[in-house]
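A.B. asks: Got a structure for you, questions after.
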Amino acid sequence: MNARYLTIVSILLSLSCQSAEVEDPNFIGKANGKYLPAKDNSSQSFLKEVLDKNPDFPSFKSEFSMQIQTFVPKKENVNLDGKVFYAKDSKQIKIQLMDSFFGMVFTELIANENQIQIKPTSTKEIQTLPMGDILIQDPNSGKKYTIPFPVIYAYLTGNYINEIQNPKAKFNLSETRVALSKADGDYEYFFKDGNLDRLELTSGKRGLKAIAIVKTSVNQIHPPKEITTKVVSLDTEKENVLIQIKLKKSQITEVSPQVFRF
4 MNARYLTIVS ILLSLSCQSA EVEDPNFIGK ANGKYLPAKD NSSQSFLKEV LDKNPDFPSF
64 KSEFSMQIQT FVPKKENVNL DGKVFYAKDS KQIKIQLMDS FFGMVFTELI ANENQIQIKP
124 TSTKEIQTLP MGDILIQDPN SGKKYTIPFP VIYAYLTGNY INEIQNPKAK FNLSETRVAL
184 SKADGDYEYF FKDGNLDRLE LTSGKRGLKA IAIVKTSVNQ IHPPKEITTK VVSLDTEKEN
244 VLIQIKLKKS QITEVSPQVF RF
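The sequence shown: position 41 = 44 (the numbering used here), numbered continuously.
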């Protein structure tokens with residue numbers, strides 16, 4: 004695996020405890036029907052419907068709980084708590100990861116559309132890397148599990164709205180989905196009633212496919228109530244990891260630029 008990807012400190016997987024099962028979503032894949040180019044009138048009508056339906060994705064702060072289920076070499080559960088901050092103008096996110104028992108922050112992460120910075124609180128060192136996958140390392144086996152951070156970033160910031168307006172995007176209107184090929188893989192955005200319902204990624208370059216589904220409510224589209232992400236190896240078709248993020252105590256509020264500093 005390319006060294007440019009992040010390795011979150013091994014304390015993550017040492018926090019294992021018994022947890023409820025995370026919902027296991029199925030991978031849908033490409034549609035059999037025809038995909039229309041973005042310039043097609045029907046595509047433009049669908050795009051307008053989505054843009055009219057979605058909010059302007061304002062700044063917010065929220066607490067969250069995260070549950071990670073790993074499957075290889077053995078099934079384990081990890082539980083974490085944290086806080087997330089999002090600034091609309093800069094498209095920046097800050098995530099603080101905490102252990103669930105003591106509530107102590109052990110890692111902070113700041114990301115924008117292009118890069119991710121990560122700093123364990125135990126050190127002054129800051130890693131600055133291109134936007135990409137996050138690796139979680141099992142301290143016992145040394146096995147690394149890939150989390151496709153771009154899909155989580157897309158949900159928390161509403162950045163997918165920019166993606167589906169790409170002139171290279173293709174539209175399947177019968178299944179209300181949008182496909183876009185990017186340098187790191189093929190993305191598919193599934194919509195339901197004008198809102199993003201699911202995001203799928205297939206990446207031969209990274210050797211994985213990923214699913215991310217979101218749960219919202221009528222009164223809260225942004226930030227979402229819950230995000231579930233599943234990563235599957237392309238070569239074995241076996242699950243590597245399931246991640247469930249539940250946001251709570253979310254507040255639509257301006258976030259000071261000072262927050263996005265270590």
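We put the CB at the ideal spot given by N, CA and C, even for glycine.
1) Mark Ile129 as exposed unless 16 or more other C-beta atoms lie within 10 angstroms of its C-beta, in which case mark it buried.
2) So what's Asn44 in DSSP terms, helix, strand or just coil?
3) Within 8 Å (strictly less), CB to CB, does Lys91 reach chain C?
4) Which residue marks the beginning of the alpha helix (DSSP H) containing Leu159, and which one marks its end?
5) Three-state secondary structure (DSSP) at Phe174?
6) To which residues does DSSP link Thr219 through a beta bridge?
7) Evaluate Phe74 with the Cβ neighbour count: other Cβ atoms within 10 Å of its Cβ, from every protein chain shown; 16 or more gives buried, anything less gives exposed.
8) DSSP state of Tyr8, grouped into three classes?
9) What did DSSP end up calling Pro123 once you bin it into helix, strand or coil?
10) Assuming Gln70 and Gln247 form a contact by the criterion Cβ under 8 Å, report the distance between their Cβ atoms to the nearest whole angstrom.
11) Would you report the Cα separation of Asn165 and Asp238, rounded to the nearest angstrom?
12) With distance defined between alpha-carbon atoms, name the residue in Thr219, Asp92 and Tyr38 nearest to Ser177.
13) Since Tyr163 is in the beta strand (DSSP E), which residue starts that stretch and which ends it?
14) Excluding sequence positions up to five away, which residues of its chain have a Cβ less than 7 Å from the Cβ of Ser220?
15) In chain order, which continuous runs of the beta strand (DSSP E) of length 3 or greater are located wholly inside the segment 177-248?
16) Considering Cα atoms alone, identify which of Lys51, Ile31 and Lys33 is closest to Ile167.
17) Of the residues Val217, Lys185 and Val87, which one's Cα is nearest the Cα of Ser65?
18) Among residues of its own chain, excluding the 5 on either side of Asp196, which ones have a beta-carbon nearer than 8 Å to its beta-carbon?
19) With Leu202 and Lys212 assumed to form a contact (beta carbons below 8 Å), what rounded beta-carbon distance in angstroms separates them?
20) Could you say which of Thr126, Leu183 and Gln261 lies nearest to Tyr163 if we only look at CA atoms?
21) Do Leu250 and Phe67 count as a contact pair if the criterion is CB distance below 8 Å?
22) Would you please state the rounded distance, in angstroms, between the beta carbons of Pro28 and Thr231? I believe it to be under 8 Å.
23) Just to confirm my understanding: we take Asn117, look at its own chain, exclude 5 residues before and 5 after, and list those with CB closer than 8 Å. What are they?
24) Can you give me the Cβ contacts of Asp189 inside the same chain, cut-off strictly under 6 Å, excluding the 5 residues immediately before and after it?
25) So if DSSP puts Asp102 in a beta bridge, which residue, or which two residues, is it bridged to?
C.D. replies: The relevant details are as follows:
1) Here Ile129 is exposed: its Cβ has fewer than 16 other Cβ atoms, across all protein chains shown, within 10 Å.
2) Assigned with DSSP and collapsed to three states, Asn44 falls in helix.
3) Any reference to chain C falls outside this structure, which holds one protein chain only.
4) Membership of Leu159 in the alpha helix (DSSP H) is indicated by the continuous run Phe152 to Thr160.
5) Assignment of Phe174 by DSSP, reduced to helix, strand and coil, places it in the strand class.
6) Thr219 is not bridged to any residue.
7) The residue in question, Phe74, is exposed, as its Cβ has fewer than 16 Cβ neighbours within 10 Å.
8) Note on Tyr8: pLDDT 41, under 50, position unreliable in the model; the coordinate value appears next. Here Tyr8 sits in coil by DSSP.
9) In this structure, Pro123 counts as strand in the three-state DSSP scheme.
10) Right, the Cβ-Cβ distance comes to about 5 Å (below 8 Å), so this counts as a contact.
11) For Asn165 and Asp238, the gap between their C-alpha atoms comes out near 31 Å.
12) It is Tyr38 whose Cα lies nearest to the Cα of Ser177.
13) It is not in any beta strand (DSSP E) - Tyr163 instead sits in the alpha helix (DSSP H) that spans Tyr163 to Ile167.
14) Closer than 7 Å at the Cβ level, and outside the excluded window around Ser220, lie Lys228.
15) For the segment 177-248, whole beta strand (DSSP E) runs of length 3 or above, ordered along the chain, are 180-185, 188-195, 198-206, 211-218 and 229-236.
16) Nearest Cα to Ile167 within the set Lys51, Ile31 and Lys33: Lys51.
17) Comparing Cα positions, the closest option is Val87.
18) For Asp196, where only same-chain residues beyond five positions count, the Cβ hits under 8 Å are Lys56.
19) Between Lys212 and Leu202 the Cβ distance is about 12 Å, and since that is not below 8 Å, they are no contact.
20) If we check each option's Cα against that of Tyr163, Leu183 comes out closest.
21) Their beta carbons are under 8 Å apart, which means Phe67 touches Leu250 by this criterion.
22) With a contact defined as Cβ atoms closer than 8 Å, Pro28 and Thr231 qualify at about 6 Å.
23) The answer, listed in chain order, is Pro133 and Met134.
24) Cβ within range, chain order: Thr205.
25) For Asp102, which the question treats as bridged, DSSP gives the partners Leu83.
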